[in-house]
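K.L.:
Questions regarding the structure given below will be posed in turn.
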Amino acid sequence: MENTNLKDCFLEFGRLREKIRNNESIENILLPYPITLLPPLPEILSRRYLIHPDVWSQIPKIKPAGNRSDTEFFEIEELKPEFREADLLFNTVNQMSLEYGGQALKYVLYELGGNIFNHSGFSKAYVMIRKFQNQSHPFLEVCFYDDGISIPQSLKKYDFVFENQKDSVLILKAINGMSSKKMFYEEGSRGHGMNSSAQIIVNGFGGELFIASQKGAVFIEPNADPLLCECKEKYNISGTLIGLRNPKKQVNLYDYIDVYQHFKGKRGSSDEFY
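Okay, so the sequence shown: first residue is 0 according to numbering that gives the first Met the number 0, each after it adds one.
Below you can see the structure in the form of C-alpha cells.
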C-alpha cells in the first residue's frame, strides 16, 4: 500500500465506480483508502454489492469496525444537516493521538467540516478517518464527501464571469481564498480557512491535499505546484470530495493562520483523469 498517493487512490475510485455501473462484482477488491471508498459508498449501500469481506464489515451501519494489525479505522460517519460543527470534531478528532497534528489538525477539520455544514446544503455527507501505522512512513488519512452544491456551482451561481472557467480552476480559486461571499483575495489577512488548511497540510505536515468537485480535481503535494485536472464522467463528483493525508508530525498552528499563500496550478497530463 506504500507509495500510493491520494491522486492514485482517486483514480482507483473511478475504476471501482465503473465496475459498479457495469454490474460487475467487486468482491475481490480491497478498499483500504477513504478517498477510494467514500464517493461510491451510496451506490454500494443501495445496491448491496459484493465487496471484499475485510471492507464490507465496515460498511453496513457506518460505524467503527475495530482495529487491524497495520491500520486503525475510526469510523465512517454519516453527517446530518442538523449536526453542529462541534459534533464533527468531538466524534472524530477526540479519537486521534496528538502525534498526528493535535491543534493544527483540529483546525483543519473544523474548517473543512464547517464548509460542509455552512455552505454545501447537502442531503448526504460522510467523513472517514484512518491511520496507517505500520508503514515505513506512518500517516493519517481523512476524507470528507458530500452531495451538496459543488465548489464550481457555488462560484458560477454567484457570478456569471466564472461560467466558462474550468472546474479545476475554480477549485484552485477556492483554495486561494475565493468564495461566493468573497470574490477577491485579501493577501495577508485572516479568514482564509481553506488556504490556511492547505498550507498546514502541505507545508506544515508535509502531507497531501486532494479536492474533486464536479468535473474538476486539484492535487497538492509538497515542493510542487498544484496539479489541475478535468475529469471523465466516471470521476465526476456531484458535490465535493476532500482528502488529506499527513504523517506523524507536530505543527505550530499559528505559523499558518495569519499567513496567506497564493497557490499557482499546473495543468495535468492528458492521460491522468481522462
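Cβ atoms here follow ideal geometry from the backbone N, Cα and C, with glycine treated the same way.
#1: I need the DSSP call for Pro23, collapsed to helix, strand or coil.
#2: For Glu23, does the count of other Cβ atoms within 10 angstroms reach 16, so buried, or fall short, so exposed?
#3: Would you mind reading off the limits of the beta strand (DSSP E) that contains Tyr259?
#4: Residues in its own chain within less than 8 Å of Asp254 by CB, not counting five upstream and five downstream?
#5: Which same chain residues end up closer than 6 Å to Leu252 when comparing Cβ atoms and leaving out the 5 residues on each side of it in sequence?
#6: Per DSSP, what kind of secondary structure is Ile219 in: helix, strand or coil?
#7: Starting from the N-terminal side, write out each stretch of the beta strand (DSSP E) that is 3 residues or longer and does not extend beyond the region 98-170.
#8: Give the C-beta separation of Leu111 and Ile241 to the nearest angstrom, bearing in mind that I take them to be a contact with Cβ-Cβ under 8 Å.
#9: Could you name the residues of the same chain whose beta carbon sits closer than 6 Å to that of Gln260, not counting the 5 residues immediately before and after it, in chain order?
#10: Rounded C-beta distance between Leu108 and Val141? I'm assuming under 8 Å.
#11: Kindly indicate the opening and closing residues of the beta strand (DSSP E) around Gly238.
#12: Along the alpha helix (DSSP H) that carries Gln198, what are the first and last residues, could you check?
#13: Using only the alpha-carbon positions, how far apart do Arg16 and Glu76 sit?
#14: Would you call the CB atoms of Ser167 and Leu227 closer than 8 Å?
P.N.:
Checking against the coordinates, here is how it stands:
#1: Looking up residue 23 in the sequence shown gives position 24. Checking the sequence shown, residue 23 turns out to be Glu, not Pro. Note: Glu23 maps to coil in three-state DSSP.
#2: To locate residue 23, count along the sequence shown from 1; it is residue 24. Glu23 is exposed by the Cβ-count criterion.
#3: Counting from 1 along the sequence shown, the entry for residue 259 is found at position 260. Unbroken run through Tyr259: none, as it is neither H nor E.
#4: Taking the first residue of the sequence shown as position 1, residue 254 is located at position 255. Excluding residues within five positions, the ones whose Cβ falls inside 8 Å are Gly203.
#5: Working through the sequence shown from its first residue, we reach residue 252 at position 253. Here the set comprises Gln102, Ala103, Tyr106.
#6: Residue mapping note: residue 219 aligns to position 220 of the sequence shown, counting from 1. Looking at Ile219 - three-state DSSP - the assignment turns out to be strand.
#7: 124-131, 138-145
#8: Counted from its first residue, the sequence shown places residue 111 at position 112. Counted from its first residue, the sequence shown places residue 241 at position 242. Correct: roughly 6 Å between the Cβ atoms.
#9: Translated into the one-based positions of the sequence shown, residue 260 becomes position 261. Here the set comprises Gln198.
#10: The residue given as residue 108 occupies position 109 in the sequence shown. The residue given as residue 141 occupies position 142 in the sequence shown. Going by Cβ atoms, the distance from Leu108 to Val141 rounds to 7 Å, so yes, they are a contact pair.
#11: Walking along the sequence shown from the start, residue 238 turns up at place 239. Its beta strand (DSSP E) spans residues 236-246.
#12: As a working mapping, residue 198 is identified with position 199 in the sequence shown. Here the alpha helix (DSSP H) through Gln198 covers 192-198.
#13: Residue numbering aside, residue 16 sits at position 17 when the sequence shown is read from its first letter. Residue numbering aside, residue 76 sits at position 77 when the sequence shown is read from its first letter. If I take the Cα positions, the gap works out to 21 Å.
#14: Reading the sequence shown from its first residue, position 168 is the one you call residue 167. Reading the sequence shown from its first residue, position 228 is the one you call residue 227. Result yes, Cβ atoms of Ser167 and Leu227 sit closer than 8 Å.
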